[in-house]
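According to mature numbering (1 follows the signal peptide of the UniProt record, and there is no 0), the residues represented by the sequence shown are -29 to -1, 1 to 273, in order.
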Amino acid sequence: MKRKYQIHFLTAAVLSIVLNGCFSLTLSAQSGTKKAADKPTSKAVDWKLGVALYTFSTMSFPEQLAYADSASLKYVEGFVFAKSGKELKDTVLFKLSPAGIQNLKKKVADQGLKMESIYVVGGKNVADWKRDFEVAKAFGVKYVTGEPPRNMWDSVDSLAGIYGIKVALHNHWKENSIYWHPDSVLAALKGHPNFGACPDLGHYPKSGINPVDALKKLEGKIIGIHLKDIAEYNNNKIQDVPVGTGVVDFPAVFAELKHQRFNGHVMFERDTKEQPNNLTSLKQMVNYYYKTLDLPRPFFPK
């Protein structure tokens, strides 16, 4: 009886060791899987990386395209008040003829770039917004970025439906925009199926808002992102700084976008006008992006 008890005890002990070992291996495997999932990889990032051409707002549209290409970026977001270039007498985009817009659209394609969004200014009446939607349609964009006034939400949403072009609501800071807080964007989205969000991450801190918290509130509503950084919170008098050098926690931003399975446009933007231009800082920001996400860096032609 004693020997039989010893054998059972031994068997139980061995079984316990085996089970504990398997459990440890399972935990280890799960931990490894979690770490692998948390680590930014190319498979985890399916974003359309580009630049908001306002970064080069002092240049003409063709020059802006050349700078975007020099930074090895594929996507660009134009803006309707950009100068069209000497060939078109520097006419601003929203005053161009259909032929003039087709001229610029061809330049985008010839440069090997894609313009799937454009920043619009609209106005106080439907005619102004229709004008900008016509420009957007001629360029063949998928969405416009803008800040329609509250009393025009219904009209702009209706136009967006007619033209088949989404509206990504953009935010400036508290004293400058009704969209300064993500809650105000969510309010505008209610009842307006053609509206989405385009969070400008560098403007949120000016109003004391953590960009990551804003992204969490806007989950599922985000069409595009403006990547911008700022030197401090609660100061709307200062200009932006290159992405990765200010107070915005971009590793947390990227992690949140991955968590949301975001697959839209990510556009670098600078408001500050460096000399001779913002190309150097744009390349710096692109390098920061690829390094932070542990992706192969692009080649920058000289």
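Each residue gets a CB set at the ideal place from its N, CA and C atoms; glycine is no exception. These figures come from a predicted structure and were not determined experimentally.
Quick one: what's V22 bridged to in DSSP? V47 and F239
Expressed to the nearest angstrom, what Euclidean distance is found between the alpha-carbon atoms of D184 and Y150? 15 angstroms
So, under 8 angstroms CB-CB, G195 and T116 are touching, yes? Tell me the CB distance rounded to an integer number of Å. 7 angstroms
Can you tell which of E190, A23, G217 and E245 has the C-alpha that lies nearest to the C-alpha of L44? A23
Helix, strand or coil: how does DSSP classify residue 279 here? Any question about residue 279 goes unanswered here, given that the chain covers just -29 to 273.
Suppose you measure from the CA of T(-4) to the CA of A226; what does that come to, to the nearest Å? No answer about T(-4) holds up, because its pLDDT of 39 lies below 50 and its placement is not dependable.
Around the Cβ of G48, are there at least 16 other Cβ atoms within 10 angstroms (buried) or fewer (exposed)? According to the sequence provided, residue 48 is Glu. The question's Gly does not apply to it. Buried, because 16 or more other Cβ atoms sit within 10 Å of the Cβ of E48.
According to DSSP, is A42 part of a helix, a strand, or is it coil? coil
C-beta contact flag for Y261 and L198 at 9 angstroms: no
Would you call the CB atoms of V92 and F27 closer than 9 angstroms? no
Burial state of H141, where buried means 16 or more other Cβ atoms lie within 10 Å: buried
With 16 other CB atoms within 10 Å as the buried threshold, where does R121 fall? exposed
Take V106 as the anchor and find which of K95, I72 and E87 has the nearest alpha-carbon. I72
Touch check for the segment 204 to 213 and the segment 151 to 169: three-plus C-beta pairs under 8 angstroms? no
Three-way DSSP call (helix, strand, coil) for A168 in this model: strand
Paired residues, beta bridge with H197 - DSSP: D171 and M238
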